[in-house]
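Chemist: Basically my numbering = 1-based index in the sequence shown + 571.
Backbone N, C-alpha and C define an ideal beta-carbon position, used for all residues, glycine too.
Please read all numbers here as calculations on a predicted model, not as lab measurements.
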Amino acid sequence: MKSSVISGQISNYNNISSYNDFKDDNKNYILIVEDNNINKAILSKILSVYYNVVSAENGKVALQILRSGNFSFSAIMLDLIMPVMDGFTFLHEISLFDEFKSIPIIVTTGNDDRENEKKALELGAWDFVSKPYDAQIILFRLKNAIDRSQLTAFSRLKYLAEFDSLTGICNKEHFLYEVSKLVKSEKPGSFIFVRFDIYRFQLINAFFGIHEGDLLLKYIATFLSDFVKSFTSSICGRMNADVFAFCIPFSDESAVVDMVKHIKKMLKAYPLNFDIVPTFGIYLISDLSVQPDIMLDRAALAAKSIKGNYMVNYAFYNDKMRQEITTEQEITNEMNKALEDHQFTVYFQPKYDLKTRIPCGAEALVRWIHPVKGCVSPGTFIPVFERNGFVTKLDYYVWESVCIAIRKWLDCGKLVHPVSVNVSRVNLYNKDLIRQLCELTDKYNVPKELINLEITESAYTESPEILQQMTEKLKNCGFVIMMDDFGSGYSSLNILKDIDVDVLKIDMRFLSDTHRQQRSENIISSVVGMAKSLGISTIAEGVERKEQADFLASIGCDCVQGFYFARPMPIEQYEPYAEDVAL
């Protein structure tokens, strides 16, 4: 009986125009949500020829099936009037899940359900089929809905692949692709590639929250998009975090200045109690063979050259920057092997007591004796090692070399003067620093007072609390703390107030390149006097002339080092040198 009822309610079921209109060799899954068994059977019979059919007796069961993940449904046939959870509630609930939003939902209604249809549309229904069912209409509408959903899904995937999800402008990959299309038919020098970010943007997230940071990023994307539209040919995009980039036509540097002023003005207008400072790195596209990702790298190098400079907001890339990055990469590639092969050699520069003019110790300095390049300047490799963190390994290498040398001198019964070693600012963040130094001195049985630790003044500016805690612990262990380059920075008095150092090293460059020699000498004299009143010894470094040494002796400076007395030398030369008579 049920079979005849079902057959009678299927209109034109046997007159479908073409099987191939609906045929799918890889059958899609359709979910029928219907509590009426007859209607469910009718729909199943119509659809099962062309689709895999799964059914649920109400919206609650349908959601359970969907969330189980056992099936990937191409469409849902939904009745509105059901027990437990009706179709309207189901439409609302399914809209809360992003993963189900692309599934087309076709509602089955009676011919007079206009109000229900309107309400269902508002809740996200895609289409309707009326009862009694017409097989051809059902199959055509279902096929059209699936085709539409696939097109929508493709468009969505394409959008996600090309545009930044937060700001809506091009993502990095799509931006670089568009740049390559934009400039390839133009003359060299017609465009500039600009990269910019916000100085200390992470503080905005820390102080105001990530949501506020995201709002600022959206604001930047909006005005940047509007800005580039003022050019006939242009493109902009978000590279990552707070880094944006755009490519616009180039006329002259005055236009760049105007561009920087405009963007700074837009940032200043943003309602946030924070000094939003942009940094622009600019690459003039003079070589069309350069790939856009390299353009971005070069613009980043230009931006890096002025990072933190409030007076200068933009810089153009030049070949010197490229040479620097090439050199840095070569150094990075070779540094580990150089350490393994002992290419790094520890040199000693004697320090002299100004009263007796007799050596009273030394500073350990490192030299890189490259097997091909010869002696590589510390000014070349030390900054690279500080940036990539390798300096911590090099510091340890020097410390151990000094411990070995002191142990040798002690075993030979020599009078051993203290040797100072540098502690890089990177090592101040090393939680194992104190343990490493103590283990080394214990391993070689070296009195800790023979190891003087030189810490640069600039480290105080970066991390005053960390430096204060670290030096206190090191002093408690028995090490002598020396403040290097004292007077070259801007925190000198704070250092004396906050940090209990044993020795101040005064940089004699303070006396050079000035037409006010007397004022400089008065300042140095005051520093030496202040140090004495605090019980702190003083050493002047960079002493190159006799008159400098005489002046330092006259104001009571304790020790000196510099080319006037002795240059840095290998340990073999230093050992007898340290035993020489007074100069």
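Report back the beta-carbon spacing between L1105 and L1067 to the nearest angstrom; my notes put them in contact at under 8 Å.
Modeler: The Cβ separation is near 7 Å, so the contact holds.
Chemist: Hey, out of G950, N1001, K926, whose CA is closest to G1127's CA?
Modeler: That would be K926, whose Cα lies nearest to the Cα of G1127.
Chemist: Determine whether the beta carbon atoms of L662 and L692 lie at a separation below 7 Å.
Modeler: No.
Chemist: From I1077 to F1057, what distance separates their C-alpha atoms?
Modeler: Near 5 Å, if we compare the C-alpha coordinates of F1057 and I1077.
Chemist: My output table needs one value for I709: the three-state DSSP class, helix, strand or coil.
Modeler: The answer is helix: DSSP assigns I709 an H, G or I state.
Chemist: Within a Cβ cutoff of 8 Å, which residues of the same chain sit near Y888, ignoring the five residues on either side of it in sequence?
Modeler: Hits under 8 Å: G852, I853, Y854, L855, R869, A870, L872, A873.
Chemist: How far does the beta strand (DSSP E) with K922 in it reach, from first residue to last?
Modeler: Here the beta strand (DSSP E) through K922 covers 915-924.
Chemist: If we call anything under 7 Å between Cβ atoms a contact, is D1073 one with I1052?
Modeler: Yes, they are a contact pair.
Chemist: If we ignore side chains and look at the alpha-carbon of each, how far apart do E971 and I1026 end up?
Modeler: So the two alpha carbons sit approximately 18 Å from each other.
Chemist: Does the distance from the C-beta atom of N607 to that of Y622 stay below 7 Å?
Modeler: It is not a contact, given that the beta carbons lie outside the stated cut-off.
Chemist: Mind checking which residues open and close the alpha helix (DSSP H) that includes H941?
Modeler: Note, H941: premise wrong, no alpha helix (DSSP H); beta strand (DSSP E) at 930-941.
Chemist: At 3 residues or longer, and completely inside the region 729-788: list those beta strand (DSSP E) runs for me, N to C.
Modeler: Fully enclosed beta strand (DSSP E) runs of 3 or longer: 762-769.
Chemist: Can you tell me where the alpha helix (DSSP H) holding D982 begins and where it ends?
Modeler: Segment 962-982, the alpha helix (DSSP H) holding D982.
Chemist: Just checking, does the region 756-765 make contact with the region 696-714 on the three C-beta pairs under 8 Å criterion?
Modeler: The region 756-765 vs the region 696-714: no contact.
Chemist: To the nearest angstrom, report how far apart Y704 and I652 are at their CA atoms.
Modeler: In a straight line, the C-alpha of Y704 is about 17 Å away from that of I652.
Chemist: Per the DSSP calculation, F851 is bridged to which residue(s)?
Modeler: Answer is F767, Y885, bridged to F851.
Chemist: Look up D698 in the DSSP assignment and say whether it is helix, strand or coil.
Modeler: Looking at D698 - three-state DSSP - the assignment turns out to be strand.
Chemist: If you count every other CB in all the chains shown that lies within 10 Å of the CB of N880, and 16 or more means buried, which is it?
Modeler: Classification for N880: exposed.
Chemist: Using the rule of at least 16 other Cβ atoms within 10 Å of the residue's Cβ for burial, across every protein chain shown, is L867 buried or exposed?
Modeler: Flag for L867 reads buried.
Chemist: So, I601 versus V624, is the Cβ gap smaller than 7 Å?
Modeler: Cβ atoms of I601 and V624: closer than 7 Å.
Chemist: Please state whether the Cβ-Cβ distance between C741 and G658 is less than 7 Å.
Modeler: Contact: no.
Chemist: Among S822, I847, D718, R712, which residue has its Cα nearest to the Cα of M773?
Modeler: Residue identity differs from the one stated: residue 773 is Gln in this sequence, not Met. Out of S822, I847, D718, R712, I847 has the C-alpha closest to the C-alpha of Q773.
Chemist: Per DSSP, which residues does I647 bridge with? Please list them.
Modeler: In DSSP, I647 forms a bridge with L602, I676.
Chemist: Where does Y841 land, buried or exposed, given buried means 16+ other C-beta within 10 angstroms?
Modeler: Looking at its Cβ environment, which holds fewer than 16 other Cβ atoms inside 10 Å, Y841 is exposed.
Chemist: At 4 residues or longer, and completely inside the region 995-1023: list those alpha helix (DSSP H) runs for me, N to C.
Modeler: Correct list: 1004-1014.
Chemist: Please state the DSSP three-state secondary structure of A1137.
Modeler: Correct three-state label for A1137: coil.
Chemist: Let's see if you can read the secondary structure: which residues bound the beta strand (DSSP E) around E670?
Modeler: Per DSSP, E670 belongs to no beta strand (DSSP E) and is neither H nor E.
Chemist: Closest to D864 by CA distance: which of K875, S751, D768, I1005 is it?
Modeler: That would be S751, whose Cα lies nearest to the Cα of D864.
Chemist: DSSP state of I819, grouped into three classes?
Modeler: Looking at I819 - three-state DSSP - the assignment turns out to be strand.
Chemist: For the alpha helix (DSSP H) containing A627, list its first residue and its last residue.
Modeler: Counting along the chain, A627 falls outside any alpha helix (DSSP H), though it belongs to the beta strand (DSSP E) covering 623-627.
Chemist: Distance check for K836 and E1020, CA to CA, integer angstroms please.
Modeler: Using only the alpha carbons, I get a separation of about 56 Å.
Chemist: Just to confirm, is the Cβ distance from I834 to C818 under 7 Å?
Modeler: For I834 and C818, no; Cβs fall outside 7 Å.
Chemist: Is there contact between the region 729-748 and the region 820-831, where contact requires at least three CB pairs shorter than 8 Å?
Modeler: Too few Cβ pairs lie closer than 8 Å, so no.
Chemist: For D718 and S626, I'd like the C-alpha separation in whole angstroms.
Modeler: Each residue's alpha carbon lies about 22 Å from the other.
Chemist: Would you give the residue range spanned by the beta strand (DSSP E) that V828 belongs to?
Modeler: Element bounds for V828: not the beta strand (DSSP E) but the alpha helix (DSSP H), 824-839.
Chemist: Less than 6 Å between C-beta atoms, sequence neighbours within five positions excluded: which residues of the same chain meet that for M810?
Modeler: Only K743, A816 meet the Cβ criterion.
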